[in-house]
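A.B. asks: Note that my numbering numbers the sequence shown so that position 128 is 131, with each residue one more than the last.
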Amino acid sequence: MPSSPSALPDFALVGGGIVGACLAEELSGQGASVLVLDSGTESGHATNRAAGVAVPSLRYLNDREFYGWLRAAKLDLDADVARLEPRYGAFSVARPVLRALREPDIDTYGGLLDEVGVGTWIAGDELAAATTGLKLPPSRRYLLAEDGLMVDGRGYLDAVLGRCRDQGVTWQQGCTVREVREDGRATAIRTDDGTLHADRVVVTAGAWSSGKGLAESTGVRPQRGQMAVLRTEETLTCILSSAYYLAPGVGDDVIVGATEEDAGFVSHVTTEGIGQLLRFATTAMPGLADSVPVELRAGLRPVSDTGRPVAGAVPGHDRVFVLAGHAGHGLLSARMSAKGMAAGLLADDWDALPRSMCPAHARGGVA
Ligand SMILES: Cc1cc2nc3c(=O)[nH]c(=O)nc-3n(C[C@H](O)[C@H](O)[C@H](O)COP(=O)(O)OP(=O)(O)OC[C@H]3O[C@@H](n4cnc5c(N)ncnc54)[C@H](O)[C@@H]3O)c2cc1C
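1. Could you pull the DSSP bridge partners for A97 from this structure?
2. For the alpha helix (DSSP H) that R52 lies in, which residues bound it at each end?
3. What first and last residue would you give for the beta strand (DSSP E) that runs through Y248?
4. Using a Cβ-Cβ cutoff of less than 6 Å, which residues in the same chain neighbour G47 once the five nearest sequence positions on both sides are dropped?
5. With DSSP as the reference, identify every bridge partner of S244, one or two as the case may be.
6. Considering only the alpha carbon of each residue, which of A327, L348 and V172 lies closest to M360?
7. Please name the residue or residues paired with I192 in a DSSP beta bridge.
8. If we ignore side chains and look at the alpha-carbon of each, how far apart do L146 and V295 end up?
9. Which residues does DSSP pair with D264 in a beta bridge?
10. With a 10 Å radius around its C-beta and 16 neighbouring C-beta atoms as the bar for buried, classify K77 as buried or exposed.
11. Excluding five sequence neighbours on each side, which residues of the same chain lie with their C-beta closer than 8 Å to the C-beta of T1?
12. Quick check: what's the CA-CA separation for L303 versus H332?
13. With distances taken from CA atoms, which of R52, A57, G252 and S142 is nearest E237?
14. When every heavy atom of ligand 1 is checked, does at least one fall within less than 7 Å of the C-beta of P305?
15. In its own chain, which residues sit with a C-beta less than 8 Å from the C-beta of F445, not counting the 5 before and 5 after it?
16. Near T194, which residues of its chain fall below 8 Å by C-beta distance, leaving aside the five closest residues on each side in sequence?
17. Which residues bound the beta strand (DSSP E) around L80?
18. Closer than 7 Å to a non-hydrogen atom of ligand 1 - does that hold for the CB of M230?
19. How long is the line joining the alpha carbons of D83 and G18, rounded to whole angstroms?
20. Is W211 helix, strand or coil by DSSP?
21. How far does the alpha helix (DSSP H) with D3 in it extend, from its first residue to its last?
22. Over what stretch of residues does the beta strand (DSSP E) that includes Q175 continue unbroken?
23. Could you give the DSSP three-state label for S6: helix, strand or coil?
24. Could you check where the alpha helix (DSSP H) with G278 kicks off and where it finishes?
25. Excluding the 5 residues flanking T235 on each side, which residues of the same chain have their C-beta closer than 8 Å to its C-beta?
26. For A327, which three-state DSSP category applies?
In structure tokens, the structure reads:
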């Protein structure tokens, strides 16, 4: 392990989920030496449990800068799919996305839906043709976009890990970081097995990022999400976005997700949570009543007080940084945020990251 100043890695990353892995790939791809320390028996927590809908959520539409950034993130993810799948195996499937909007949603978003070009309004026969098997309430209005994508989080992470290996990233699994501290001209990283050093440290520990001794002041906390994988003979051809998502998975299964719960660090599935999801699924697609729930998952999304990722120097530190808080869009936005973060770390160019992601804003509750 690097311990003498001459062997210092340029960067140590605390946490190797999709966010840490994408950042490790970006930094090492530009010549930096990178050490990733991850506490799990395998890397990724939320990443491995995600539903996998890679579509910007309309909840961000009123923040034009951030919504635009998420749309750009989708293009970066498309580029990842094209670049990584031929070499590391398929982890995605393209599907149209159908958004079911209630009148109050339409009032909230106003003209933005058409101005931003979220999709095409469809109704009548056109709607019926696009949504075989679904039972859609006539009280909603429907927007269809062709550019939806489903991503298997574990498969995506494996592909990025493959790139990290090829680029010489040092990866230490099963290593829990207890404290990160600036120590003269380096940064000390206290683990259960001793203290390591790196020039700079980036905390990419997902929901654990604001833990004691890490990026404490940045307000990242866990939000539990539950989802279910249903095996069925029925065919679902689009991603339905309504109260929850109902989506064709990367294999043949149908995915229903996900709850958003404040349950601290409790990360098991509950009867109530899964019950809500299954009720939604069978109401939206009655043929799923005969489906078999083959997998139930719960995980902790990292969320911040601003509702945006937190990216930049931890306030009061020169050598300790954070990239976390990707909420329910981490598969969609990990690459884009890692590219912006790498530009900041390597070239002091922070322009690619929306201002609302700056850690100095994180405690202020900027909407
Ligand atoms: C049920 C559910 C559904 C979701 N659906 C979607 C979706 O449809 N679309 C989408 O884009 N996103 C979705 N997400 C969100 C997405 O999964 C997350 O935003 C993303 O995976 C966060 O990645 P991460 O790398 O920050 O965190 P994680 O994947 O949680 O990785 C954090 C890593 O840090 C490590 N770590 C923690 N503490 C320490 C420490 N002290 N020392 C060392 N290592 C540490 C952990 O072992 C872990 O490997 C969903 C999440 C859940 C739970």
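C-beta atoms are modelled at their ideal positions from N, C-alpha and C, and glycine is treated no differently.
C.D. replies: In terms of the structure at hand:
1. The partner list for A97 (beta bridge, DSSP) reads L152.
2. First-last of the alpha helix (DSSP H) with R52: A49 to R52.
3. Where Y248 is concerned, the enclosing beta strand (DSSP E) stretches over Y248 to P251.
4. Excluding sequence neighbours, G47 sits near G20 and L160.
5. DSSP lists R102 and Y248 as partners of S244.
6. When C-alpha distances from M360 are compared across A327, L348 and V172, the shortest belongs to A327.
7. V183 and L199, per the DSSP bridge assignment.
8. The straight-line gap from Cα to Cα measures roughly 30 Å.
9. This sequence places Glu at residue 264; Asp is not what is there. DSSP, once it has assigned bridges, lists R227 as partnering E264.
10. Result: buried.
11. The displayed coordinates of the chain run from 4 to 370. Any statement about residue 1 would go beyond what the structure contains.
12. Computed Cα separation, rounded: 13 Å.
13. Here the closest residue by C-alpha is G252.
14. Correct: P305 has its Cβ closer than 7 Å to ligand 1.
15. It is not possible to answer for residue 445, since the shown part of the chain is limited to 4 through 370.
16. These residues qualify, in order along the chain: L40, C178, T179, V180 and R181.
17. Premise fails: L80 lies in the alpha helix (DSSP H), R67 to Y91, not in any beta strand (DSSP E).
18. In this structure, M230 has its CB closer than 7 Å to one or more heavy atoms of ligand 1.
19. Taking the straight line joining both Cα atoms gives about 21 Å.
20. Three-state result, W211: helix.
21. Lying outside 4 to 370, the shown extent of the chain, residue 3 is not represented and no answer is given.
22. For Q175, the uninterrupted beta strand (DSSP E) run begins and ends at T173 to Q176, by DSSP.
23. Residue placement at S6 is poorly supported in this model, since its pLDDT is 41, which falls under 50; the coordinates still yield a value, given next. Looking at S6 - three-state DSSP - the assignment turns out to be coil, as it is neither helix nor strand.
24. Boundaries of the alpha helix (DSSP H) harbouring G278: T274 to A287, taken from the DSSP string.
25. If the five residues before and after T235 are omitted, its C-beta is found closer than 8 Å to the C-beta atoms of D256, V257, G290, L291, D293, S294 and V295, all from its own chain and listed in chain order.
26. Per DSSP, reduced to three states, the secondary structure at A327 is strand.
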